[in-house]
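Residue numbers (this note's numbering): 110 to 224.
Below, the structure is given as structure tokens:
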């Protein structure tokens with residue numbers, strides 16, 4: 110049985126995941142700039158980010174295509190992060206288990222404008 114692909118929902122997953130990655134990374138780099146981001150809120154943000162990535166992963170090639178389209182239109186760190194997290198080697202990786210230094214290094218190397 111073929112399951113319908115809801116492209117608008119996948120696009121929303123990709124956009125939200127990219128945005129949440131940027132919020133998450135910004136907070137870790139500048140923890141004093143948002144005093145309201147306590148451990149509970151940070152944990153919820155990470156859960157939401159993982160859920161959006163899972164939504165794209167479940168869609169398989171359709172999720173990857175939408176993420177690629179978003180990156181092609183907006184070649185920024187959040188969109189590249191999402192695209193990278195959809196690669197087969199990252200299928201079991203959660204935000205909590207990321208090597209953040211390696212992620213930031215990868216994003217910087219792939220986005221010359223971020224340097």
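Where a beta carbon is used, it is the ideal one built from N, C-alpha and C, also for glycine. All values derive from a computational prediction rather than experimental measurement.
- Under the 8 angstroms Cβ criterion, the region 176 to 186 does not count as touching the region 151 to 159, having fewer than three qualifying pairs.
- Between residue 194 and residue 116, the alpha-carbon positions lie close to 19 angstroms from each other.
- C-alpha of residue 172 to C-alpha of residue 165: approximately 4 angstroms in a straight line.
- In this structure, residue 123 lies away from residue 202, with their beta-carbon atoms at least 8 angstroms apart.
- The C-alpha of residue 114 is placed about 15 angstroms away from the C-alpha of residue 163.
- Boundaries of the alpha helix (DSSP H) around residue 216: 209 to 219.
- In the assembly as shown, residue 161 is a buried residue. Its beta-carbon has 16 or more other beta-carbons within 10 Å.
- Secondary structure of residue 155 (DSSP, three-state): helix.
- Here residue 206 carries a helix assignment [DSSP, helix/strand/coil].
- Scanning its chain for C-beta atoms nearer than 7 angstroms, with the 5 sequence neighbours on each side dropped, one finds no residue around residue 145.
- Looking only at 112, 134, 121 and 119, the smallest Cα-Cα distance to residue 205 is reached by 134.
- DSSP places residue 117 in the uninterrupted alpha helix (DSSP H) bounded by 116 to 138.
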